[in-house]
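Trainee: There's a structure below that I have some questions on.
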Amino acid sequence: MCGILLIVESYRDVHDEYGSILERIRRRGPDFFKIHSLDNGIILVVGVLWLQGSQITPQPHSNDVGGYLLWNGDAYGGLEEMRNGDSDTQTISRTLEKLEPQEFFDQIRGPFAFSYTQGEFIWFGRDYFGRHIGDDSHPWLQVPTKGIYRYSIIYKRLTLFPWNDASVSSEASPFGNLPLEISDSKLSSPIIKLSLTNELSSLPWIANAIEEKWRDDVVILQYIHKHSDLIKTFEQVVRDSVLTRVEHKPPFCGHCLPSLTPCSHSKIGILFSGGLDSSYLAYILHSVLSPEESIVLFNVAFGDAVENVPDRITGRKALKELEKVCPQRNFIFEAINISKEELVATRQIEKLDELLLPSGTVLDDSIGCALWFAAGKRNGEHMPRVLLIGSGIDEQLGGYSRHQRNLGRDNRIISDHGVASRIPFLDERVVNFLNTAYDAGLISISSEPKRAIQFGSRIAKIENKKEKGSDIAVR
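Here UniProt numbering is used: position 286 in the sequence shown is 286, and no number is missing along the way.
Okay, here's the thing in structure tokens:
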């Protein structure tokens, strides 16, 4: 992940006015940092995390038509063929020489946040799901994921080029008093929408699943046999999604990158609870990585009796199963143990509440702190710079709908360590497959109970057993 910032007007020295933001950007993108001023007074700030190309691609990246691109993302589809050794930043910048931004973002697939400055216009936006960073903390405003925005420096007006399935209105501008126009030119949504009624009876296979005892192994085996082709297709779609997220990476871990020394240390890790989501990702990752590469499984637990924490128990159990199924793979189980005292002290020192904003509830604090320690605490020699996380499957198969809010929070937390979080289950191909396969009967089956990270890691209520998840966090 990169850290990017575009400042239209600044009345003080940028270091004085945006000092804390600049430091966060450096942490997100530790491999290259630059503050660049344009002739029209616009200031571009970027911190680059090098994950693509044969060498670091400096930003802002300029092209032959006078455009300046700030890119924080990964293009997994919709690009022209990348030249050997190029990053997607270089390819996107080159493509924007030929296409108008709204034409380009009508085609692109993958998680991103960007700004593109050319002439009198500033283009900016986030991907359809909002997988990359957004921040509502005053005086910042989270960019809605309704489409791509264009700002006129001369007329100080915004134009939204919406996704064709977005519900938008110019009467309710999310940018305060800044006028917002809605373009008639719409972007093609990357997602196939479901058409569902509110009646459970319209989905008889769900009703049957509730009536039957799905914990019964015989019933599960019968289901798998009946839908084996569908399940194989799902596995291939997820495998393709994982492959695109790990195949282009420099041959360095975090320790060896500064000296540019190719190493045998792990380059890929998984935030690993031992549940279905993370265990399945570990299995799929094994199937796409070369045999000599190791995979680090980061497992976090809070409190004193860490080996009795639910996620630690299921994590070690799942590790044994993975070692049986994938005996040739070196899985490294990294147990991250956090005491109550370390949690309290680190939260204050690292100012984790700033990263969580605008998500300020007790639940946000618990999840955010658990993710921060899981992604950044290193006990061994391995320091992967890419972390797979299992987010997204609950949203699609469990009816959970807070992902556009929570993905930005999780991205801010994990990227603070200068690592990239990758979310294979929210690949457009996976989402579209599940949506089109919905009526065919593909559902989520697990023999382990689902536990959210705040409960599985035992961070919830470690400080105050009486507080509720919806309470505002006062730490």
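Glycine included, C-beta positions come from ideal geometry on N, C-alpha and C.
By DSSP, does residue 175 sit in helix, in strand, or in coil?
Mentor: Residue state, collapsed to three classes: coil.
Trainee: For the region 423 to 438 against the region 382 to 394, are there 3 or more C-beta pairs whose distance is under 8 Å?
Mentor: Counting Cβ pairs under 8 Å, three or more are found: they touch.
Trainee: In the region 65 to 106, which residue ranges form an unbroken alpha helix (DSSP H) of at least 4 residues, counting only runs that do not cross its ends?
Mentor: With a minimum length of 4 residues, the continuous alpha helix (DSSP H) runs that stay inside the region 65 to 106 are 88 to 95 and 101 to 104.
Trainee: Please report the straight-line C-alpha distance between residue 83 and residue 96, rounded to a whole angstrom.
Mentor: Using only the alpha carbons, I get a separation of about 15 Å.
Trainee: Run through DSSP, which three-state label would residue 261 get?
Mentor: Looking at residue 261 - three-state DSSP - the assignment turns out to be coil, as it is neither helix nor strand.
Trainee: Which one of 124, 59, 350 and 226 has the shortest CA to CA distance from residue 49?
Mentor: Of the listed residues, the one whose Cα sits closest to residue 49 is 59.
Trainee: Compare the beta carbon distance of residue 10 and residue 43 with 9 Å and say whether it is the shorter of the two.
Mentor: Yes. Within cutoff.
Trainee: From 240, 318, 232 and 254, pick the residue whose C-alpha is nearest to that of residue 273; which is it?
Mentor: If we check each option's Cα against that of residue 273, 318 comes out closest.
Trainee: By the 10 Å Cβ neighbour count, where 16 or more other Cβ atoms means buried, how is residue 305 classified, buried or exposed?
Mentor: With fewer than 16 other Cβ atoms within 10 Å, it is exposed.
Trainee: Given a cut-off of 9 Å, decide if residue 75 and residue 92 are closer than it, judged by their beta-carbon atoms.
Mentor: Yes, the Cβ-Cβ distance between residue 92 and residue 75 is below 9 Å.
Trainee: Less than 6 Å between C-beta atoms, sequence neighbours within five positions excluded: which residues of the same chain meet that for residue 77?
Mentor: Cβ neighbours of residue 77 beyond the five flanking positions: 109.
Trainee: Roughly how many angstroms lie between the CA atoms of residue 177 and residue 238, to the nearest whole one?
Mentor: Cα-Cα distance, rounded: 43 Å.
Trainee: How far does the alpha helix (DSSP H) with residue 345 in it reach, from first residue to last?
Mentor: Taken as a continuous stretch (DSSP letters only), the alpha helix (DSSP H) holding residue 345 covers 340 to 349.
Trainee: CB-CB under 7 Å to residue 314, same chain, minus the five flanking residues each way: which ones, in chain order?
Mentor: Cβ neighbours of residue 314 beyond the five flanking positions: 273, 274, 275 and 448.
Trainee: Could you give the residue range of the beta strand (DSSP E) that holds residue 115?
Mentor: Note, residue 115: beta strand (DSSP E), 112 to 118.
Trainee: Which two residues bound the contiguous alpha helix (DSSP H) that contains residue 231?
Mentor: Counting along the chain, the alpha helix (DSSP H) containing residue 231 begins and ends at 228 to 246.
Trainee: Report buried or exposed for residue 387, applying the criterion of at least 16 other Cβ atoms within 10 angstroms of its Cβ.
Mentor: That one is buried.
Trainee: Under the three-state reduction of DSSP, which class applies to residue 50: helix, strand or coil?
Mentor: If DSSP states are grouped into helix, strand and coil, residue 50 belongs with coil.
Trainee: With distance defined between alpha-carbon atoms, name the residue in 71, 322 and 425 nearest to residue 235.
Mentor: For the residues 71, 322 and 425, the minimum Cα distance to residue 235 belongs to 425.
Trainee: Would residue 348 be called buried (16 or more neighbouring beta carbons within 10 Å of its own) or exposed?
Mentor: Burial call: exposed.
Trainee: Just the C-alpha distance for residue 288 and residue 268, rounded to the nearest angstrom, thanks.
Mentor: About 12 Å.
Trainee: Going residue by residue through the region 276 to 360, where are the continuous beta strand (DSSP E) segments of at least 3 residues, counting only ones entirely within it?
Mentor: You should have 295 to 302 and 331 to 338.
Trainee: Quick one: what's got a C-beta closer than 6 Å to residue 89's C-beta in the same chain, skipping five residues either side?
Mentor: Contacts found: 57, 61 and 71.
Trainee: Between which two residues does the beta strand (DSSP E) containing residue 125 stretch?
Mentor: Taken as a continuous stretch (DSSP letters only), the beta strand (DSSP E) holding residue 125 covers 121 to 126.
Trainee: Is it right to say residue 40 is buried, meaning 16 or more other beta carbons lie within 10 angstroms of its own, or is it exposed?
Mentor: Exposed, by the Cβ-count rule.
Trainee: For residue 45, which three-state DSSP category applies?
Mentor: Residue state, collapsed to three classes: strand.
Trainee: Can you give me the start and stop residues for the beta strand (DSSP E) that residue 269 sits inside?
Mentor: Start and end: 268 to 271.
Trainee: Where do the ends of the beta strand (DSSP E) carrying residue 388 lie?
Mentor: Its beta strand (DSSP E) spans residues 386 to 388.
Trainee: In terms of residues, what are the limits of the alpha helix (DSSP H) holding residue 151?
Mentor: Segment 147 to 152 is the beta strand (DSSP E) holding residue 151; no alpha helix (DSSP H) there.
Trainee: Give me, in chain order, the residues of the same chain whose beta-carbon lies closer than 7 Å to that of residue 17; leave out the 5 immediate sequence neighbours on both sides.
Mentor: Hits under 7 Å: 10.
Trainee: Which term fits residue 242, buried or exposed, when burial requires 16 or more other beta carbons within 10 angstroms of its beta carbon?
Mentor: Flag for residue 242 reads buried.
Trainee: Do residue 124 and residue 151 have their C-beta atoms within less than 9 Å of each other?
Mentor: Against a cut-off of 9 Å, the Cβ pair of residue 151 and residue 124 comes out as a contact.
Trainee: Taking all protein chains shown into account, decide if residue 299 is buried (16 or more other Cβ within 10 angstroms of its Cβ) or exposed.
Mentor: The residue is buried, with at least 16 neighbouring Cβ atoms inside 10 Å.
Trainee: Assuming residue 102 and residue 148 form a contact by the criterion Cβ under 8 Å, report the distance between their Cβ atoms to the nearest whole angstrom.
Mentor: About 6 Å; that satisfies the 8 Å criterion.
Trainee: Based on Cα-Cα distance, which residue from 264, 263, 333 and 245 lies nearest to residue 284?
Mentor: Measuring from the Cα of residue 284, the nearest candidate turns out to be 245.
Trainee: Using the beta-carbon count (16 or more within 10 Å), is residue 197 buried or exposed?
Mentor: A caution first: residue 197 carries a pLDDT of 48, below 50, which makes its placement in the model unreliable, though a value can still be read off. That one is exposed.
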